[in-house]
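Novice: Encoded as structure tokens, here's the structure I'll be asking about.
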Amino acid sequence: MTLSRLAFFRAGGSALPGYRLSLTLTLAWTGFFIILPLSTLLVYPWQGGPAAMLSALHDSRMLAALWTSFSCAGIAAACNIPFGFLLAWALARGHLPGHRLADALIDLPLALPTAVSGITLATLYGPQGWLGAVLAEFGISVSYNKAGIVLALMFVGLPFVVRAVEPVLRNLPQELEEAAHLLGARPWQVFIRVIAAPVLPALITGFGLAFARGIGEYGSVIFIAGNQPFKSEIAPLLIVVRLQEFDYPGATAIALVLLCVSLLSLALIGGVRRRFALWSEPA
Amino acid sequence: MTRYLVWGASWLFILLVLVTPPAMVLTEALKDGLGASLATLSDPDAQSAIWLTLRVSVVAVVLNTIFGILAAWVLVKFRFPGRQFLQILVELPLSISPVVSGLVWLLLFGAQGWFGPTLERWNIHIAFAVPGIILATLFVTLPYVVRTVMPVMEVQGRDAEEAAVLAGAGFWQVLWHVTLPGVRGALLSGVLLTTARALGEFGAVSVVSGHIPGETETMPLHIENLYNGYQSVAAFTMAALLAFMAMSAVLLRSAPDWIARLQEKKA
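Protein chains in written order, with my numbering: chain A, 256 to 538; chain B, 53 to 319.
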């Protein structure tokens, strides 16, 4: 009682009304919609005892699915870095003709519902699709294998990289590049030392956000992936498969790994970014 | 020279990667003519999917807007222990896989869940029914309003509100007449993002829905069903409709800017 009074009293720094009411409602809402559901992930796997949990984690099909998800998300995020950088550059500094339209189009993958992206990419890059047929001429097949997963994850992850890099490029003082030129730096030196270095933290952020999105992505991937166990089965799909088999502990074990990796990568990126931000801060 | 190279490469990439998908949706939908694709929308299962999606989205948008405003208010205007932790919690659904966002509700309310069997005895069905779909949608759309409104409220400061309180205004009056008018643009943006996500949510809803055509199938689930049943025209027509709805919500966010620009031109 005294404790809660103290907490309320400490908020007295603000003379505004509605503190108690809005805090109570916010806590109730987050309690029911965030804390209660997520606590199931932490508790449920242990309900069958630690042995059941350990055996669930030793499932080779699960390890293969996790590897597929992580590797494809990593490759897709890495591939997005040059393209994302190019588009961000064109928008922020390149005076791209039609930049307003281009700007709106960049957000398209975020606005398009994932099921729509899924069936569209599968058709587009399928053997008879507009782009799939062209690639097939060169003997490249991108549907129903890992290349398809990477492609779909590149599509959904692209806006994260562009939107992370673009504001940094916009704020970068152009005088620095001119000064570097005048001091005799070659174009590639200007690029590496004056442009790429301050943009690096933003690139890492973009990579991390795209990666975190990629490991959990479901709708845009499952139609193009082919979903063969041990080959092109992503971890979120295996959760669905386990649920259909009524193997709830198995599904929860995968979910817990996905959640931990996604939170860990976001935390790591936060840390790396803070470090680099200090280093690249103009003195 | 380099500039033209950048322009060419950028637009080539945009055309190949970003313009082809929506173009493909339209051509596939209209493959047998407009009449044929419109006919697919009058199918009873399609109609029921459209209505279910609209109903679920309205509930999610209304509830999460109310919650979002209150949460942003308490997180911005007050300082209390655990404030940052609460902020992290509120943003958590953004970094969780959609499938996991659905799974947690099964672990609570499914047949093997914590409360499922008890509720089943009282004849309350949540998993594989509409309430489960609503819960999953509320979960994935929870952060959007808070996230868009908070930074603007932060900039707004507290002076105007404190003046209103001194003049005798109560909580709801301050919120309605002082705070909300100042964050109108951000609030609209947050509401529209919530709408777009609620309309298009697939993974989370797919896990809890049970996929009963005509009953628990939302538009995205119905698209999956049609596509896997090789009903390409119907699938892409539904996809075009859903994409149009979600993308208009996202684009409408700049509506205040357009109106302001129009008024400027007139003046």
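All C-beta atoms, glycine included, are put in the ideal place defined by N, C-alpha and C.
Under 8 Å: do the region 291 to 305 of chain B and the region 130 to 142 of chain B share three or more Cβ pairs, one atom per stretch?
Specialist: The region 291 to 305 of chain B, when compared against the region 130 to 142 of chain B, does not touch it at the 8 Å Cβ threshold.
Novice: Roughly how far, in whole angstroms, is the beta-carbon of A457(A) from the beta-carbon of V420(A), given that I think they are within contact range, below 8 Å?
Specialist: Reading the first sequence from its first residue, position 202 is the one you call residue 457(A). Reading the first sequence from its first residue, position 165 is the one you call residue 420(A). Going by Cβ atoms, the distance from A457(A) to V420(A) rounds to 5 Å, so yes, they are a contact pair.
Novice: Would you list, in chain order, the members of the region 66 to 78 of chain B that have their beta-carbon closer than 8 Å to a beta-carbon of chain A?
Specialist: Residues I66, L68, V69, L70, V71, T72, P73, P74, M76, V77.
Novice: If you draw a straight line from the C-alpha of G220(B) to the C-alpha of E213(B), how long is it?
Specialist: Here the question's residue 220(B) lines up with position 168 in the second sequence. Here the question's residue 213(B) lines up with position 161 in the second sequence. Rounded to the nearest angstrom, the two C-alpha atoms are 11 Å apart.
Novice: If you pair each beta-carbon of the region 476 to 496 of chain A with each one of the region 278 to 295 of chain A, do three or more pairs fall below 8 Å?
Specialist: Not touching, per the Cβ criterion.
Novice: Closer than 8 Å by beta-carbon distance: list the chain B residues that pair up with P491(A), in chain order.
Specialist: By one-based count along the first sequence, residue 491(A) stands at place 236. The answer, in chain order, is S149, P150, V151, V152, G255.
Novice: With a cut-off of 8 Å, do at least 3 Cβ pairs link the region 461 to 475 of chain A to the region 73 to 93 of chain B?
Specialist: Result no; under three Cβ-Cβ pairs closer than 8 Å.
Novice: Using beta carbons (cut-off 8 Å, strictly below), is V496(A) in contact with chain B?
Specialist: By 1-based counting over the first sequence, the position of residue 496(A) is 241. It does not: the Cβ of V496(A) has no partner Cβ on chain B nearer than 8 Å.
Novice: What first and last residue would you give for the alpha helix (DSSP H) that runs through V182(B)?
Specialist: Mapped onto the second sequence, residue 182(B) falls at position 130. Here the alpha helix (DSSP H) through V182(B) covers 182 to 193.
Novice: With distances taken Cα to Cα, identify the nearest neighbour of L216(B) among L106(B), V226(B), D97(B).
Specialist: Residue numbering aside, residue 216(B) sits at position 164 when the second sequence is read from its first letter. Reading off the sequence, residue 216(B) comes out as Ala, not Leu. Checking every option, the nearest Cα to that of A216(B) belongs to V226(B).
Novice: Give me the Cα-Cα distance between L342(A) and S62(B), rounded to the nearest whole angstrom.
Specialist: Counting from 1 along the first sequence, the entry for residue 342(A) is found at position 87. Counting from 1 along the second sequence, the entry for residue 62(B) is found at position 10. Spanning the two alpha carbons is a distance of roughly 6 Å.
Novice: Which two residues bound the contiguous alpha helix (DSSP H) that contains E213(B)?
Specialist: Along the second sequence, one-based indexing puts residue 213(B) at 161. Start and end: 211 to 218.
Novice: Under 8 Å between beta-carbons, which chain B residues line up against D362(A)? List them in chain order, please.
Specialist: In the first sequence, the residue the question calls residue 362(A) occupies position 107. Ordered by position in chain B, the residues that pass the 8 Å Cβ test against D362(A) are V302.
Novice: If you measure beta-carbon to beta-carbon, which residues of the region 370 to 404 of chain A are closer than 9 Å to chain B?
Specialist: Correct list: A370, V371, S372, G373, I374, T375, L376, A377, T378, L379, G384, W385, L386.
Novice: Using a 10 Å radius around the Cβ and a threshold of 16 neighbouring Cβ atoms, would you call P272(A) buried or exposed?
Specialist: For the purposes of this step, residue 272(A) is taken as the residue at position 17 of the first sequence. So P272(A) ends up on the buried side.
Novice: Could one say the Cβ of F296(B) lies closer than 8 Å to chain A's Cβ atoms, at least one of them?
Specialist: The sequence position of residue 296(B) within the second sequence is 244, counting from 1. Cβ-Cβ to chain A under 8 Å: no for F296(B).
Novice: So, for W166(B): in the same chain, excluding its five sequence neighbours on each side, which residues have a beta-carbon less than 8 Å away from its beta-carbon?
Specialist: Translated into positions along the second sequence, residue 166(B) becomes position 114. Contacts found: L159, L160.
Novice: Would you say P169(B) and A256(B) are within 8 Å of each other, going by their C-beta atoms?
Specialist: The residue labelled residue 169(B) in the question sits at position 117 within the second sequence. The residue labelled residue 256(B) in the question sits at position 204 within the second sequence. Contact flag unset, no.
Novice: Going by beta carbon distance, what residues of the same chain come within less than 7 Å of A332(A), once the five residues before and after it are set aside?
Specialist: Looking up residue 332(A) in the first sequence gives position 77. So the list reads G412, F462, A465, F466, G469, once near-sequence residues are dropped.
Novice: How is the alpha helix (DSSP H) around R275(A) delimited, first residue to last?
Specialist: For the purposes of this step, residue 275(A) is taken as residue 20 along the first sequence, with counting starting at 1. That run of the alpha helix (DSSP H) goes 274 to 285.
Novice: Please classify I178(B): does DSSP put it in a helix, a strand, or coil?
Specialist: Taking the second sequence and counting its residues from 1, one reaches residue 178(B) at position 126. Reduced to three states, the DSSP call for I178(B) is coil.
Novice: What does A510(A) reach in chain B if we use C-beta pairs closer than 7 Å?
Specialist: Working through the first sequence from its first residue, we reach residue 510(A) at position 255. Result: V152, L155.
Novice: List, in chain order, every chain B residue whose beta-carbon is nearer than 8 Å to that of T323(A).
Specialist: Here residue 323(A) is taken as the residue at index 68 of the first sequence, counted from 1. In chain order: nothing, as chain B lies at least about 14 Å away.
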